[in-house]
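S.K.: Oh and the sequence shown: position 40 is 40 in this note's numbering, straight run, nothing missing. Below you'll find the structure I mean.
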Amino acid sequence: MRVLGIETSCDETAVAVVEGAAETQPVGRILSNTVYSQLTEHRRFGGVVPEIAARAHLERIDGLVAQALDDAGMELAELDAIAATGGPGLIGGVMVGVMTAKALAFAHDKPFIAVNHLEGHALSVRLTEPVEFPYLLLLVSGGHCQLLTVRGPGEFTRLGTTIDDAAGECFDKTAKLLGLGFPGGPAVEKAAVGGDPKRFALPRPMWRKPGCDFSFSGLKTAVRQTVEKLPADDPRAVADLCASFQRTVGDVFADRCANALARAPSSTLVVAGGVAANVYLRGRLEEVAAAHGARLVAPPVRLCTDNGAMIAWAGVERLRLGQVDALDFRPRPRWPLDPAAANRM
Ligand code: KG4
Ligand code: ZN
C-alpha cells in the first residue's frame, strides 16, 4: 500500500509518499520525501511565529504535494490513502495540512487518515528497522519529553513526562542565550564539539528520583545564570558550556530511561523526535540500554526531525488495521498519546 503523508504542525511543510506491505511486516520504502523548511521566515524572531507558519504552509503545500508525487513517479489515483498530521501542534498549520488532505481524499475517492504527530515520531523507527511491538520509547522533541510503552498504533502507556519544559525547548533556549541561532539543537551539538563536558556543574532535575518524569526549567535557569557570568575573554567557554549542558541532559535521559527499563522491561529502547538526532545523546542511550540487556534503535538522523515520511508511514500502519477517519475530523491542538495518563497530570 502507498500512502501520501502531509506534515504541517510546526515550521516544516513536508510531504512524502511511502510504500508498505499490506501484511504486518514492518519496514517500508520511502518513494519521495520533500520538505520546505521555513527557517528563514522565523529566524529573525528567534522562534516559530504561528501566524507566519500557517501562511507559509498555505503557500507551499500544493507545490510540495505535486513534487512528492512527481518524485515518486506516481499519480494521485495510484495512492491507497492520504494521511495528514491532525494534531497536536500549531493549529493554523495543522488546519492547512488536514484541509489539503481531506480535499485530495474527497476529490479522488481515497481514505483520509488523521495522524497524531507524536504517533508519527513513535512509529517512525519501524519505517527503516524491523522493530516489533511492544517497545519502550523515549520521545524527545521541541514540545514533548515522554517515556512510553508502545504496543501498537493508538496503543500507548505513558510511564513519564516532563512536568514543565521539553528537552528540545531547553536546547533551543540554551542556543538563544549563547547567540548560536535557531533551531538550537543542532547548533548546541556543533558548538559542543571539543568542549570540556565537566567544566560547568549544572543541575540535573529529577536525577536519581523515583519514577520516569522529567523537568528542565531549573536547568534552563542555571544555563541562563552561567551565561550571564561567562568570561568574555575565554574562547573555550561556549564550547565547554555546550558540552557540559549536553552531558547534563545525557545524565538525565540515562537516569530516567534506567528507571523505565526497570519498571517496564523491554528488549528494545527506541528514541525518536528532533532531539534524537543528537549523536552524543544516542551514545548515552546506547549505554543505558546495554546495561539493561536491551538494544537502542533510532530512526536515521534525517527522519528524527519533523518530516512527511513518518506521517505517511503512520498512515500505512493505520491503513493496515483499517483505521481511517471521516472527513468531519476536527484538527486537534492537543492530542495526548495516552489520554488516561494525560488526565492524571
Ligand atoms: O520533532 P521536532 O522536529 O519538532 C517537534 O515536533 O517539536 O523537534 C524539534 C526539536 C527542536 O527543539 C530542536 O532544537 C531539537 O528538536 N533538535 C535537536 C537536534 N536537532 C533538532 N536537539 C539536540 N540535538 C540535535 N542535533
Ligand atoms: Zn515533531
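Heads up, the beta-carbon is just placed ideally off N, CA and C, and yes, glycines get one too.
Pull the bridge partners of GLY160 from the DSSP assignment, please.
M.R.: LEU147
S.K.: Just mark LEU296 as buried or exposed, buried being the case when its beta carbon has 16 or more other beta carbons within 10 Å.
M.R.: LEU296 is buried by the Cβ-count criterion.
S.K.: Figure out for me which residue from PRO333, ASN343, ASP325 and ILE311 has the closest Cα to the Cα of GLY120.
M.R.: ILE311
S.K.: In this structure, does DSSP put ALA21 in helix, strand or coil?
M.R.: Secondary structure of ALA21 (DSSP, three-state): coil.
S.K.: Closer than 5 Å from C-beta to any heavy atom of the ligand ZN: which residues, in chain order?
M.R.: SER141 and ASP306
S.K.: So, using beta-carbon positions, are ALA229 and ASP165 closer together than 8 Å?
M.R.: Note on identity: in this sequence residue 229 is Lys, with Ala being the wrong assignment. Not in contact: LYS229 and ASP165 (Cβ atoms no closer than 8 Å).
S.K.: If you drop the 5 nearest sequence neighbours on each side, which residues of the same chain put their C-beta closer than 7 Å to that of PRO339?
M.R.: none
S.K.: In this structure, how does DSSP classify LEU138 when only helix, strand and coil are distinguished?
M.R.: strand
S.K.: Counting pairs of beta carbons, one from the region 107 to 121 and one from the region 163 to 183, are three or more of them closer than 8 Å?
M.R.: With a cut-off of 8 Å on Cβ pairs, the region 107 to 121 is not in contact with the region 163 to 183, counting fewer than three such pairs.
S.K.: Let me check one thing: in DSSP terms, what residues is THR268 bridge-paired to?
M.R.: ARG295
S.K.: Just to confirm, is the Cβ distance from ALA222 to LEU202 under 8 Å?
M.R.: yes
S.K.: How about LEU159 and ARG263: are their beta carbons less than 8 Å apart?
M.R.: yes
S.K.: Excluding the 5 residues flanking PRO336 on each side, which residues of the same chain have their C-beta closer than 6 Å to its C-beta?
M.R.: Once the five neighbours on either side are set aside, the close Cβ partners of PRO336 are ALA342.
S.K.: How many angstroms separate the CA atom of GLY293 from the CA atom of ASP328?
M.R.: 46 Å
S.K.: In terms of residues, what are the limits of the beta strand (DSSP E) holding LEU327?
M.R.: Annotation: LEU327 is outside any beta strand (DSSP E) and is labelled neither H nor E by DSSP.
S.K.: How many angstroms separate the CA atom of ARG55 from the CA atom of GLY47?
M.R.: 16 Å
S.K.: At which residues does the beta strand (DSSP E) containing PHE423 begin and terminate?
M.R.: Nothing about residue 423 can be reported from this structure: the residues present for the chain run from 1 to 345 only.
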